[in-house]
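Shown next, in structure tokens, is the structure this report addresses.
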Amino acid sequence: MGRQTAGTPSGARRTGSLGLTLAAMLFAVSMTFIDQTIVAIAAPEISDELSLSSSGVQWIVNAYLLSLAAFFALGGRLSDLYGHRRVMLIGTVLFVVSSALCGFVPDDSFAQVWLVCFRATQGLGAALMFPAALAVVVAVFPLERRGSALALFFGLSGGLTAVGPILGGWLTSWTWRAIFWVNIPVALIAIVLTLLARIRDEPRRETLDVTGAVLVAAGMGLSVLGLMQASAWGWSSVATWACIAGGLLILALFVRVELRTTRHPLITMAVFRDRAFVADNLVLFFAMTAFVPVFFFASVYAQVSLSASPNEAGIYMLVFFAGFGVASQLGGRMLDTRGAKHPMLLGTALGAAGFALWAHRATELSLNDQWPYIVMAGAGIGFLLSPASTDAVNRALSASYGEVTGITQTLRNFAAAVGLAVFGTVLTHVTTDRVLDTFERRGFTGERSAEVARRVAESVTGHGDESEPGGSGAVSSFMRETMDAVRMDFAEATQVVFACMAGAMALAFLCAHLHPGGRVGDREDPARHSNK
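The numbering of the sequence shown is the working numbering, which starts it at 31 and goes up by one.
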């Protein structure tokens, strides 16, 4: 059986209900988006009850993201080989069983190993589920309606990322274990709706490229591990660069192996000969370095500089999605009528302006002064996300739905890891410099002041154990007296991070100009047919 192309009607479209299918896939992927942020909110309670170290808690958060990044490409390929519906259901079951086991972690010395292992299997389940679910939506909806459908898919599922902190804060007030158990009813609804939708699988009689799967998992895993641990190990650490460089070398070897694999490669590298496909993925890469990290940095900024509670910080992020939700629907309609280039140009330009203006207002410490620019930043991401993702699938006619969604989602996860690592380092360094300046202006100087400034910066940026020092010593008293100034120092550091995000969106704007324009089907591009 040959590879399914973007213009081929699938069994899912012929037999399934479009609305029911979309609802089923949304329920499934909603768990993966919420889980990216919900666990971080409950981290202090998990640490206290299970007596875990700060590094242990960090690994509980990172294990999920690391596994997700490593296995996304494999998940997309397995979806093609064994059927999108089947792999989506397998991924959902693996995800929800792992979630339940995370909630039932024993309160003993085995707790950390237990949680890290089942958080990793959660990530594997998500890596199987998400590309398969996205491929189902692509296969079900005809080309002329695909943009609107995926705009709803990305708009609602992306918006759920902001629900994580709010839901996490509410559930944690009962028990932190509930942040894992909440996935059980959602998964059951997703499974029932999928069965009711009667989606027909069309598996392909092809072999799995095991060598490619191992290489891409190792390469992505090592490089993302290095990026994640850069803040803890330091950018001057041999371990940091060994992981990043080693991972990139393995990924380069993966590309070489895939180019030489003539039968059923994990990823068909010929898709990158399509100029539009390359432009779509470059736009997604630079935009995602801002989109995913903004949840973390804005939430911490709200809690540190605006003195908001975790729940209030979650509501602060809902302002971002006020713009994102509306623009994602408009972007999908623009894709259906005019093609991807126009919404990508509009989105990247609006996003760059929104983040820049948000950065300018960050030191005013008032949501009333910031919300129009937060909405602008969210709208910018909303305009481009669905058109870039959908157009990549539509134009890569020589590849398959699962394979291409695996490519785009792998790039998105890698971009998010890069953004979190780079912007996190910027935030810590700038905060340290600003706090040190504050100390020196108030007469607290010397090597001791530099050490305290570093500890304060690590604490407020999420790498320390407390935000304000306790005790009654001179240093502790001095710190409590200067916390208002430190909050402003952190706002100035966050200002730099938001400005960097504006720069990333500006790079995405330049990449959007590389797109040839037009809609799929409006004109023939020989590059899309030369390798069929």
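Where a beta carbon is used, it is the ideal one built from N, C-alpha and C, also for glycine.
Original post:
Can you tell me whether DSSP reads Gly264 as helix, strand or coil?
Top reply: Along the sequence shown, one-based indexing puts residue 264 at 234. Coil at Gly264, not helix or strand.
Original post:
Given a threshold of 16 other Cβ atoms within 10 Å of its Cβ, counted over all protein chains shown, does Ala272 qualify as buried or as exposed?
Top reply: Along the sequence shown, one-based indexing puts residue 272 at 242. Exposed.
Subject >> Exposure label - Leu180; buried when at least 16 CB within 10 Å >> reply: Within the sequence shown, residue 180 is the residue found at index 150, counting from 1. Within 10 angstroms of the beta-carbon of Leu180 lie 16 or more other beta-carbons, which makes it buried.
**OP:** Inspect the CB distances between the segment 355-362 and the segment 523-539 and report whether three or more fall short of 8 Å.
**Re:** By the C-beta criterion, the segment 355-362 is judged not to be in contact with the segment 523-539, since fewer than 3 inter-stretch pairs fall below 8 Å.
Original post:
For the 8 Å Cβ check, are there 3 or more pairs between the segment 74-86 and the segment 219-237?
Top reply: Touching, no, given that fewer than three Cβ pairs across the two stretches are closer than 8 Å.
Original post:
If you draw a straight line from the C-alpha of Trp89 to the C-alpha of Cys147, how long is it?
Top reply: Here residue 89 refers to the residue found at position 59 of the sequence shown. Here residue 147 refers to the residue found at position 117 of the sequence shown. Looking at the two C-alpha atoms, the distance is approximately 10 Å.
**OP:** Under 6 Å Cβ to Cβ from Gly49, same chain only, skipping five residues before and after it: list those, please.
**Re:** Walking along the sequence shown from the start, residue 49 turns up at place 19. Excluding sequence neighbours, Gly49 sits near nothing in its chain.
Subject >> Backbone CA spacing between Thr378 and Gln439 [nearest angstrom] >> reply: If you number the sequence shown from 1, residue 378 lands on position 348. If you number the sequence shown from 1, residue 439 lands on position 409. Near 19 Å, if we compare the C-alpha coordinates of Gln439 and Thr378.
Original post:
Excluding the five sequence neighbours on either side, which residues of its own chain have a C-beta within less than 6 Å of the C-beta of Arg305, listed in chain order?
Top reply: Mapped onto the sequence shown, residue 305 falls at position 275. The residues are Pro546.
Original post:
So the alpha helix (DSSP H) Ala542 belongs to, where does it begin and stop?
Top reply: Along the sequence shown, one-based indexing puts residue 542 at 512. First-last of the alpha helix (DSSP H) with Ala542: Met513 to Ala542.
Original post:
Is it the case that the Cβ atoms of Met406 and Leu380 are separated by a distance below 9 Å?
Top reply: Start at 1 with the first residue of the sequence shown, and residue 406 comes out as number 376. Start at 1 with the first residue of the sequence shown, and residue 380 comes out as number 350. Contact: yes.
Original post:
Which class does Arg391 belong to by DSSP, given the choice of helix, strand or coil?
Top reply: Here residue 391 refers to the residue found at position 361 when the sequence shown is read from its first residue. Helix at Arg391.
Subject >> Buried versus exposed call for Ser129 [16 or more other C-beta atoms within 10 Å across all chains shown] >> reply: Here the question's residue 129 lines up with position 99 in the sequence shown. It counts as buried.
Subject >> Rounded straight-line distance, which links the Cα of Gly177 to that of Ile221 >> reply: Within the sequence shown, residue 221 is the residue found at index 191, counting from 1. Within the sequence shown, residue 177 is the residue found at index 147, counting from 1. When rounded, the distance between both Cα atoms is 25 Å.
Original post:
When we look at the beta-carbon of Asp495 and count the other beta-carbons within 10 Å, is it buried (16 or more) or exposed?
Top reply: Indexing the sequence shown from 1 puts residue 495 at position 465. Model confidence at Asp495 stands at a pLDDT of 46, short of 50, so the residue's coordinates are unreliable; what they give is reported in the following sentence. Exposed is the call here.
**OP:** Only counting runs of 3 or more residues, tell me where the beta strand (DSSP E) segments fall wholly within the segment 48-87, in order along the chain.
**Re:** Counting whole runs of 3 or more residues, the segment 48-87 contains no beta strand (DSSP E) stretch at all.
Original post:
Quick one, which of Glu75, Ala141, Trp206 and Leu225 has its alpha-carbon nearest His114's?
Top reply: For the purposes of this step, residue 114 is taken as residue 84 along the sequence shown, with counting starting at 1. For the set Glu75, Ala141, Trp206 and Leu225, the Cα lying nearest the Cα of His114 is the one of Leu225.
Subject >> Alpha-carbon to alpha-carbon, Ser337 and Ser507 >> reply: In the sequence shown, the residue the question calls residue 507 occupies position 477. In the sequence shown, the residue the question calls residue 337 occupies position 307. For Ser507, the predicted model reports a pLDDT of 49, less than 50, meaning its position is unreliable; a value from the coordinates is still stated below. Distance between the alpha carbons of Ser507 and Ser337 is about 20 Å.
**OP:** Quick one: residues in its chain with C-beta nearer than 6 Å to the C-beta of Leu376, no 5 flanking neighbours on either side, listed in chain order?
**Re:** Position 346 of the sequence shown, counted from the start, is the residue given in the question as residue 376. Excluding positions up to five away in sequence, the list reads Phe413.
Original post:
Hey, Leu257 and Ala451: beta-carbon distance below 9 Å or not?
Top reply: Indexing the sequence shown from 1 puts residue 257 at position 227. Indexing the sequence shown from 1 puts residue 451 at position 421. Yes, these two residues count as a Cβ contact at 9 Å.
**OP:** Please go through the segment 259-338 and give each complete beta strand (DSSP E) segment of 3 or more residues, from N-terminal end onward.
**Re:** The segment 259-338 contains no whole beta strand (DSSP E) run of 3 or more residues.
Original post:
Just to confirm, are Phe469 and Val334 a CB contact at a threshold of 9 Å?
Top reply: Translated into the one-based positions of the sequence shown, residue 469 becomes position 439. Translated into the one-based positions of the sequence shown, residue 334 becomes position 304. In this structure, Phe469 lies away from Val334, with their beta-carbon atoms at least 9 Å apart.
**OP:** Taking 8 Å as the threshold, find out whether the segment 393-412 comes into contact with the segment 442-460 through three or more Cβ pairs.
**Re:** Because the criterion of three Cβ pairs below 8 Å is not met, the segment 393-412 and the segment 442-460 do not touch.
Original post:
Are the beta-carbon atoms belonging to Val69 and Ser77 less than 9 Å from one another?
Top reply: The residue you call residue 69 lines up with position 39 of the sequence shown. The residue you call residue 77 lines up with position 47 of the sequence shown. Taking 9 Å as the Cβ cut-off, Val69 and Ser77 do not qualify as a contacting pair.
**OP:** For Gln400, verify whether its CB is less than 8 Å away from any heavy atom of the ligand SAH.
**Re:** The model on display carries no ligand, and the ligand SAH is accordingly not part of it.
Original post:
Would you call Arg472 buried or exposed, if buried means 16 or more other Cβ atoms sit within 10 Å of its Cβ?
Top reply: Start at 1 with the first residue of the sequence shown, and residue 472 comes out as number 442. An exposed status is given to Arg472, since fewer than 16 other beta-carbon atoms sit within 10 Å of its beta-carbon.
**OP:** Might you give, ordered along the chain, the residues of its own chain that have their beta carbon closer than 6 Å to the beta carbon of Ser416, omitting 5 neighbours on each side?
**Re:** Walking along the sequence shown from the start, residue 416 turns up at place 386. Excluding sequence neighbours, Ser416 sits near Leu180, Ala181, Phe184, Ser358, Gly361 and Gly362.
Original post:
What's the C-alpha gap between Thr122 and Leu201?
Top reply: Taking the first residue of the sequence shown as position 1, residue 122 is located at position 92. Taking the first residue of the sequence shown as position 1, residue 201 is located at position 171. Rounded to the nearest angstrom, the two C-alpha atoms are 22 Å apart.
Original post:
Leaving out five residues before and five after Leu158 in sequence, what residues of the same chain have Cβ atoms less than 7 Å from its Cβ?
Top reply: Numbered from its first residue, the sequence shown carries residue 158 at position 128. Counting only Cβ-Cβ distances below 7 Å, and skipping sequence neighbours, we find Gly105, Leu108, Val117, Ile120, Gly121 and Leu124.
**OP:** Output the residue ranges of the alpha helix (DSSP H) runs that lie fully inside the segment 178-247 and measure 4 residues or longer, sorted by chain position.
**Re:** Here the runs fully enclosed are 208-211 and 213-227.
Original post:
Does the count of Cβ pairs from the segment 306-317 and the segment 535-544 closer than 8 Å reach three?
Top reply: Between the segment 306-317 and the segment 535-544 there are three or more C-beta pairs closer than 8 Å, enough to call the two in contact.
Original post:
Are Val516 and Ala389 close, meaning C-beta to C-beta below 9 Å?
Top reply: Along the sequence shown, one-based indexing puts residue 516 at 486. Along the sequence shown, one-based indexing puts residue 389 at 359. Not closer than 9 Å, so no.
Subject >> Closest Cα partner of Ile274 within the set Ala392, Gly251 and Arg175 >> reply: One-based indexing of the sequence shown puts residue 274 at position 244. Its Cα nearest to that of Ile274, the residue Gly251 stands out among Ala392, Gly251 and Arg175.
Original post:
Using the rule of at least 16 other Cβ atoms within 10 Å of the residue's Cβ for burial, across every protein chain shown, is Gly353 buried or exposed?
Top reply: Within the sequence shown, the letter at position 323 stands for residue 353. Burial of Gly353 is indicated by the presence of at least 16 other C-beta atoms within 10 angstroms of its C-beta.
Original post:
If we call anything under 9 Å between Cβ atoms a contact, is Phe160 one with Phe102?
Top reply: If you number the sequence shown from 1, residue 160 lands on position 130. If you number the sequence shown from 1, residue 102 lands on position 72. Closer than 9 Å, so yes.
Original post:
Relative to the C-alpha of Cys132, which residue among Val91, Ala317, Gly276 and Ala162 is closest?
Top reply: Here residue 132 refers to the residue found at position 102 when the sequence shown is read from its first residue. Among Val91, Ala317, Gly276 and Ala162, the Cα nearest to that of Cys132 belongs to Val91.
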